Amino acid sequence: METKKRNLKGSIIPVIVLVLWQYASIRELVPEYLLPSPLKLAFIGWDFMTGALDLTPYSGTFFKHFSASVGRVAAGFLIASALGIILGYSSGRSRTFNELVNPILNGVKAVPGIGWLPVALVWFGVGQKTTVFLISLAAFFPVYMNTCMGAMRVPEIYIKSARMMGASKSRIWTTVIIPASIDSLLAGLRLAMGVSWAYLVLGEITGVAEGLGAVMMDGRMLGHVDVVIMTMILIAVLGWLCDCMLTGIFRLSSKIGGRHYVL
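Residue 244 in this note's numbering sits at position 244 of the sequence shown; the count goes up by one each step and never skips.
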């Protein structure tokens with residue numbers, strides 16, 4: 001019930017924005033070639049998914065582009081999560097390891113994603129590998145930083161108590177360190193998921209044939225502002241759904257494990 005109330009409150013501002021947006025379009029306060037109405041975008045989106053209206057060159061091609069983009073996001077996110085969790089826990093629980101890797105990672109983190117694009121194109125060429133590389137690189141740092149901080153902040157008294165009760169190192173990790181830092185890990189994963197969708201567009205506007213970012217770039221080149229905005233909305237919705245999936249998985253695990261996570 002509480003979740004439903006929260007979702008209902010979260011829909012208030014989007015509904016108000018849509019109503020004002022539609023009103024401005026009806027009153028012609030904003031030219032349609034600059035900002036199409038929500039109703040027109042709804043028709044464009046429906047046609048993009050079903051091909052029923054044949055309104056644009058992208059009619060009925062949604063699932064082809066959707067599957068390509070989701071595959072790239074999933075690959076980049078999983079690579080970033082695996083590396084971020086392993087290195088984050090290692091850095092958070094080992095001062096020596098932290099001192100070795102932190103200067104390098106902080107230097108790499110300071111370079112913006114767009115700065116890696118030319119290098120990625122030289123290394124991997126235009127296509128899947130470049131996009132996955134950019135997503136992995138960008139999504140790695142939120143996971144690493146949050147996991148590292150969560151591991152550092154595990155109270156030492158918990159670990160000492162586990163040792164006094166005869167827990168092995170592996171048992172301390174699975175029953176003390178990871179459960180105590182799981183909220184920080186979830187925060188990092190949620191940030192990484194949002195970054196993954198953002199960098200998907202950066203990777204796909206470089207000339208790939210399929211993907212939502214490719215549709216966005218093609219729409220701009222052909223003057224279809226409605227397609228560009230519709231694709232932006234779809235990416236935002238997909239990013240939100242992925243975030244809901246992540247929090248749903250952690251909620252389910254919290255019920256099974258008897259823990260409460262800050263979501």
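Glycine included, each C-beta is placed from N, C-alpha and C at the ideal position.
Computed from a predicted structure; not experimentally measured.
Tyr-58 counts as buried, since at least 16 other C-beta atoms from the protein chains shown sit within 10 angstroms of its C-beta. Note on Asp-54: under 16 other CB atoms within 10 angstroms of its CB, so exposed under the neighbour-count rule.
Under the three-state reduction of DSSP, Thr-56 is assigned to coil, being neither helix nor strand. For Leu-222, the enclosing alpha helix (DSSP H) stretches over residues 212-222.
The straight-line gap separating the alpha-carbon atoms of Val-201 and Thr-247 is approximately 24 Å.
As for any alpha helix (DSSP H) of minimum length 4 sitting wholly inside the stretch 36-117, the runs are 38-50, 62-93 and 95-109, ordered along the chain. A residue is called buried once 16 or more other Cβ atoms fall within 10 Å of its Cβ, and Glu-32, having fewer, is exposed. Counting C-beta pairs closer than 8 Å gives fewer than three between the stretch 193-210 and the stretch 166-184, which falls short of the contact rule. As summarised for the stretch 131-169, the continuous alpha helix (DSSP H) elements at least 4 residues long and confined to that stretch are 156-164, given in chain order. With contact defined as three or more Cβ pairs closer than 8 Å, the stretch 70-82 and the stretch 134-145 are in contact. By the Cβ neighbour-count rule, Arg-190 is buried, with 16 or more other Cβ atoms within 10 Å of its own. For Glu-32, there is no enclosing alpha helix (DSSP H), as DSSP marks it with neither H nor E.
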